[in-house]
Structures are given as structure tokens and as C-alpha cells.
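J.:
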Amino acid sequence: MFKGRWFFHPVFVFIFSIVALGFSLFLYIRTYLQANDAFVSYLEARNIEPSQFAESNTWLNVVVLSVLVAIILFCLILIFVYYQKMIRLYRMQQNFISGFTHELKTPIASLRLFLDTFTRHELSREEQIKYLAYMRRDTERLSDNVTQILDLAKIEDKKYEGDFSIYDLNELVEQWVSKSPHFFENCEITVEKHEGNSPRAKLDGRLFEMLLMNLVINGINYNQNTDKKINIKISCTEKYNRIDFTDNGMGIAKKELKNIFKKFYQVGKTSKGTGLGLYLSSHIVRIHRGQLRVDSEGPGKGSTFTVILPREV
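Be aware that the sequence shown starts at 40, since it is given in the working numbering, and climbs by one per residue.
1. Kindly list the residues whose CB is nearer than 8 Å to the CB of residue 143, restricted to its own chain and excluding five residues on each side of it in sequence; keep chain order.
2. Taking only three categories from DSSP, how would you classify residue 291?
3. Would you identify the three-state DSSP class for residue 229, choosing helix, strand or coil?
4. Does DSSP put residue 315 in a helix, in a strand, or in coil?
5. Residue 166 to residue 156, Cα distance in whole Å?
6. Using 10 angstroms around the beta-carbon of residue 285, count the other beta-carbons present and answer buried if the total reaches 16, otherwise exposed.
7. Would you grab the beta carbon distance between residue 343 and residue 283 for me? Rounded to a whole angstrom, and I think it's under 8 Å.
8. Under three-state DSSP, which class holds residue 115?
9. In whole angstroms, what separates the C-alpha of residue 192 from that of residue 225?
10. Take the Cβ of residue 310 as the centre, count every other Cβ of all protein chains shown within 10 Å, and call the residue buried at 16 or more, exposed below.
11. Are the Cβ atoms of residue 333 and residue 273 separated by less than 8 Å?
12. Helix, strand or coil for residue 281, going by three-state DSSP, please let me know.
13. Which word fits residue 257, buried or exposed, when buried means at least 16 other C-beta atoms lie within 10 angstroms of its C-beta?
14. Check this for me: beta carbons of residue 172 and residue 351, under 8 Å apart or not?
15. Of the residues 325, 121, 301, 252, which one's Cα is nearest the Cα of residue 217?
16. Once DSSP output is grouped into helix, strand and coil, what is the label at residue 348?
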């Protein structure tokens, strides 16, 4: 990107500025001390006490100057760090725009294709129902994407008013999986329900279903296997409920684990997703006074996302 113009690169400009400022300070201090020593030597050669002219404050001046330069350096570093963060945010936003555009264009293109099929061909009632089901799935996908963006804005502005009720996690997760097969047609989903005490939690039903969808879709998007699998395991203790989402996908490098829940962040280079799913999921879990964790042994070894929620007795 900077071939032939490397000297305009912000990193080079920043380093050059620091070196130039430091070298200027060195030259100034050296010249100042040499001039001061020469002046003192001149006075002593003529048996004149230097204090008769002015009280010596050479080192005080040097210290003050050094502090001022240190402040300038600190401010330069802050500006540079801020600039680098803005560049990184800009690139992530560009990836988000690309991903979100892809998420919108795909169902729109599918809808257009089905509509063209309807207008150009005589279809039997059975075929019409089949294509209408596909179209409904695509409209739901569009609606989910738009709803996710709107809800994220409300949650970030702390304007979201939740509708909380007590749910049994065994029933809620199983019902969501059974009614949402269109989200994971090419993935095998298994649910391990908790045996024993009921894993009850106080939830906003719609937000929690969005959380389930985001974590499952994330496991599908970042999985290049032909036999994609996600296991949802529900368990609970006296005080807490736990839901583990384990996939056999591409895994996550250790250095990326700390960034996985950041806004617009995506693992690797992919056009799938928007980079908001896990960010939104972390906020949803926080609204429910819970925790969202991720663990992976590394690339190619899958990953496990764990949701911890307070248990209602």
C-alpha cells in the first residue's frame, strides 16, 4: 500500500518526529551547557564571581526543559495511538459494511430469483408453496438483520426496555431449535438437556432467542467442514445456569480470544456475518446479569461459547 511512499507512512513519520525532537533536545542542552561553561570560565579567568551576575540555575532549566519535552512526547504518543485506533476502527467498519451488504444482498437476490420464477413459469400448487416457504425464510433473514441493528442501537444507548419472564432453559432452547430449522439447514444441532433441578432463568424471551441465533449462526459461518455440528449443552447448579455451545469449526487462535467480543471484530478474512453478532451477544448476556465466555484450543479445533446466567428457584 505504501510502496514508493514509505516515508509518508504514519509509523515512519511518528518515529522520525520522536527522533528529531530528541536530537533537537540533545543539541540544545549540549549547546546550552557549553555556552554556560564558557561563560563561567570567562568570568573565572578574570577573577569575577559568576554569582555576581546571576544565581546559577542551569540544571533547573535543563530539568524544566526535559519535563516539557517529555510532555510533548507523551502527547505525540497519545495522538499516534488514537490515530491507529481510528484507522483500525475504520477498517473494521468497512468490513462491517461489506459483511452487512452481503447479508442483505443474498436474500434479496434469492427473493428476486423466486419472483422471476413465479412470473415466467406456470407452477403447480405444491411448487408454489415450496417457493413461498423459501421466500418467507429470506424475508425473515432480512428482518432479523435489520432488527439486530435496531436493537443494538437501543442497547448501546441503554434505551432498551426488556420484557422479562421466568423460563425453563430446557424447554426454551428445545423450542427454538425445533421452530428455527431454516437457520441451520446444513448443520447438525444437538441439545443436551439438564437432568434434575429445573434450569430456570429470568429472561427477555426475544433477546434470548437472538442470543441463541447469534451463537449458532456464528458457529455455522466459521465452520468449513462438510459435516458441521453444534452441540448445545444445558446444565445448572444451585445459583447458576450454564449453556455451552460447542462446534467443530475453524477454532480461534489464543491471541484473538480477547478481541472476539469487540464491535465489528471478525476472526480471519471472511465476507460472512457483520462482526456484530458476538458483540451484541455479550451485551444481551450483560443485560441478563450473566457472563459470556469463549474457549478454543486453537485453529482447526473448534470452539466453545459458554453463557452463565443467574438461576431462578
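Beta carbons are placed, not taken as given, at the ideal position from N, Cα and C, and that holds for glycine.
Bear in mind the structure is a predicted one, so any value in this text is a computation, not a measurement.
T.: Checking against the coordinates, here is how it stands:
1. Contacts found: 181, 184.
2. Reduced to three states, the DSSP call for residue 291 is coil.
3. Residue 229 carries a strand assignment under DSSP once its states are collapsed to helix, strand and coil.
4. Reduced to three states, the DSSP call for residue 315 is coil.
5. Approximately 11 Å, taken between the alpha carbons.
6. Residue 285 is buried by the Cβ-count criterion.
7. Right, their Cβ atoms sit about 6 Å apart.
8. If DSSP states are grouped into helix, strand and coil, residue 115 belongs with the helices.
9. Cα to Cα, residue 192 sits roughly 31 Å from residue 225.
10. Because the pLDDT at residue 310 is just 49, under 50, the model does not fix this residue reliably, and the point stays unresolved.
11. No, these two residues do not count as a Cβ contact at 8 Å.
12. Looking at residue 281 - three-state DSSP - the assignment turns out to be strand.
13. Result: buried.
14. Taking the C-beta atoms as reference points, residue 351 is found no nearer than 8 Å to residue 172.
15. The residue with the shortest Cα to Cα distance from residue 217 is 252.
16. DSSP, read as helix, strand or coil, puts residue 348 in strand.
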